[in-house]
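Trainee:
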Amino acid sequence: MDFELLKQQKTEDINVFLKSFLPEETGKEAILCEAMNYSVAVGGKRLRPMILLEAYAMFGGKDTAAQPFAAALEMIHTYSLVHDDLPAMDNDMYRRGQLTTHAKYGEAMGILAGDGLLNYAFEVMSDAVCGQGKNAARAMRILAKAAGVRGMIAGQTVDLEWTGKPQTKELLDYINERKTSALLCSALMAGAALAGATEEELSVLKQVGNLVGLAFQIKDDILDVAGDETKLGKPLHSDEKNEKSTYVTLIGIDEAQETVKEFSRKAVELLETLPYENRFLKELLLSLVTREY
């Protein structure tokens with residue numbers, strides 16, 4: 000299996016069906032739809048929808064029933080980035096080498112584009128639930144909770160509240176588990192739930208996703224200090240600029256790198272306890288923490 004070639008093909012496939020779920024740029028609100036579509040189209044590795052689709056396949060899913068949920072998850076992820084980049088948050092002008100949404104369309108339209116993507120994600124999922132039934136409802140509930148006030152938004156809230164203040168490792172884990180791990184967990188769990196996975200299997204996947212998510216965030220912290228700006232598509236030291244504590248500032252870059260390896264090893268061990276196998280999914284999860292951008 001040529002992993003990189005296969006991942007590229009899967010990314011292209013996702014881009015094709017993702018575009019079909021985005022709103023048409025028509026009507027008096029055309030500029031809103033344009034800003035929403037720009038936000039999704041400017042790049043991204045499509046990791047979360049890819050993980051969702053691979054989890055669905057791992058548990059026996061063979062049709063396109065997971066596509067609306069994969070598209071919705073990417074919309075939710077994108078909305079969070081659009082809002083993250085706003086002047087009131089991280090005030091970033093570039094992401095993936097392109098102008099951020101608020102930098103291109105203005106702050107007000109940046110806010111509305113994020114709002115639109117979040118709401119449109121639930122429109123897409125609710126349409127799917129109406130046609131697919133119980134397992135689709137399980138998947139929608141998983142994604143909703145991961146993105147909600149006890150999930151990703153909670154992580155962002157605590158992150159903002161503690162910016163510029165000394166943080167403990169426990170508090171940093173709380174933030175990262177919600178701000179980063181939650182959507183990765185939900186991708187694994189929603190895909191598996193759509194294919195009929197048991198609650199016990201979903202519990203294992205939640206643990207896998209949490210470990211991978213933490214490792215992913217720590218790797219992000221490392222890249223922000225020691226990455227390549229041309230590959231990252233954004234300036235280094237943004238955490239320092241925004242006065243944010245990270246694993247690198249708390250335990251140093253060497254120990255942070257060892258933590259990434261340890262969390263990755265545990266995640267793979269847990270994944271291999273399940274009675275199903277997906278070699279590509281395993282390689283994909285490992286690639287999240289060995290990446291250079």
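The sequence shown lines up with residues 0 to 292 when you count with numbering that gives the first Met the number 0. A virtual CB, placed ideally from N, CA and C, is assigned to each residue, including glycine.
I believe residue 116 touches residue 35 by the beta-carbon criterion, under 8 angstroms. Please report the beta-carbon distance rounded to the nearest angstrom.
Mentor: The pair is a contact, with the Cβ atoms about 5 angstroms apart (cut-off 8 angstroms).
Trainee: Could you tell me which residues DSSP puts in a beta bridge with residue 98?
Mentor: According to DSSP, residue 98 bridges with 93.
Trainee: For residue 182 versus residue 95, is the C-beta distance shorter than 8 angstroms?
Mentor: No, Cβ-Cβ distance for residue 182 and residue 95 is not below 8 angstroms.
Trainee: What three-state label does DSSP hand residue 122 in the structure shown?
Mentor: Of the three classes helix, strand and coil, the one that applies to residue 122 here is helix, per DSSP.
Trainee: Near residue 211, what residues of its chain come up, given a Cβ to Cβ distance below 8 angstroms and the 5 sequence neighbours on each side ignored?
Mentor: Cβ within range, chain order: 180, 183, 262, 263, 266, 284, 287, 288.
Trainee: Can you list, in chain order, the residues of its chain whose CB lies under 6 angstroms from that of residue 91, leaving out five sequence neighbours each side?
Mentor: Around residue 91: 84, 99.
Trainee: Here's the rule I'm using: 16 or more other beta-carbon atoms within 10 Å means buried, otherwise exposed. How should residue 77 be labelled?
Mentor: Label assigned to residue 77: buried.
Trainee: My understanding is that residue 42 touches residue 97, with C-beta atoms under 8 angstroms, so please give their C-beta distance in whole angstroms.
Mentor: Rounded, the Cβ-Cβ distance is 6 angstroms, consistent with contact.
Trainee: Sorted by chain position, which residues of the same chain lie with C-beta nearer than 6 angstroms to residue 145's C-beta, five sequence neighbours on each side aside?
Mentor: So the list reads 181, 182, 185, once near-sequence residues are dropped.
Trainee: Using DSSP with H/G/I as helix, E/B as strand and the rest coil, what is residue 111?
Mentor: Residue 111: helix per DSSP, three-state reduction.
Trainee: Whole angstroms is fine: what's the gap from residue 277's alpha carbon to residue 270's?
Mentor: Approximately 10 angstroms between the Cα atoms of the pair.
Trainee: Straight-line CA distance for residue 52 to residue 255?
Mentor: In a straight line, the C-alpha of residue 52 is about 30 angstroms away from that of residue 255.
Trainee: Indicate whether residue 194 and residue 59 have their beta-carbon atoms separated by less than 8 angstroms.
Mentor: Going by C-beta atoms, residue 194 is nearer than 8 angstroms to residue 59.
Trainee: Taking C-alpha atoms, which residue in 16, 24, 155, 207 lies nearest to residue 45?
Mentor: Checking every option, the nearest Cα to that of residue 45 belongs to 16.
Trainee: Measure the Cβ-Cβ separation of residue 127 and residue 135 and say whether it is below 8 angstroms.
Mentor: Closer than 8 angstroms, so yes.
Trainee: Spatial neighbours of residue 24 within its chain, please: CB distance less than 6 angstroms, with the 5 preceding and 5 following residues excluded, ordered by chain position.
Mentor: The residues are 32, 33.
Trainee: Does residue 62 come out as helix, strand or coil in the three-state DSSP assignment?
Mentor: Residue state, collapsed to three classes: coil.
Trainee: Over the uninterrupted alpha helix (DSSP H) stretch that includes residue 295, give me the two end residues.
Mentor: Because the chain is modelled from 0 through 292, residue 295 falls outside the range shown and cannot be assessed.
Trainee: For residue 165 and residue 49, I'd like the C-alpha separation in whole angstroms.
Mentor: Using only the alpha carbons, I get a separation of about 36 angstroms.
Trainee: Check this for me: beta carbons of residue 177 and residue 154, under 8 angstroms apart or not?
Mentor: Going by C-beta atoms, residue 177 is nearer than 8 angstroms to residue 154.
Trainee: To the nearest angstrom, how far is it from the Cα of residue 9 to the Cα of residue 174?
Mentor: Each residue's Cα considered, the two are about 31 angstroms apart.
Trainee: If I follow the unbroken alpha helix (DSSP H) through residue 48, where does it start and stop?
Mentor: Note, residue 48: alpha helix (DSSP H), 46-57.
Trainee: How far does the alpha helix (DSSP H) with residue 19 in it extend, from its first residue to its last?
Mentor: Per DSSP, residue 19 belongs to the alpha helix (DSSP H) from 2-20.
Trainee: Alpha carbon to alpha carbon, how far is residue 114 from residue 73? Give it in angstroms, no decimals.
Mentor: Roughly 14 angstroms separates the two Cα atoms.
Trainee: In chain order, what residues of the same chain lie with their CB nearer than 6 angstroms to the CB of residue 38, ignoring the 5 residues before and after it?
Mentor: Around residue 38: 77, 81, 100, 112.
Trainee: Can you tell me whether residue 55 is buried or exposed, with buried defined as 16 or more other CB within 10 angstroms of its CB?
Mentor: Buried, since its Cβ has 16 or more Cβ neighbours within 10 Å.
Trainee: Let me check understanding here. Comparing Cα to Cα, which of 247, 140, 152, 29 lies closest to residue 214?
Mentor: Among 247, 140, 152, 29, the Cα nearest to that of residue 214 is on 247.
Trainee: With a cut-off of 8 angstroms on the beta carbons, I'd call residue 189 and residue 138 a contact; round off their distance for me.
Mentor: Rounded, the Cβ-Cβ distance is 4 angstroms, consistent with contact.
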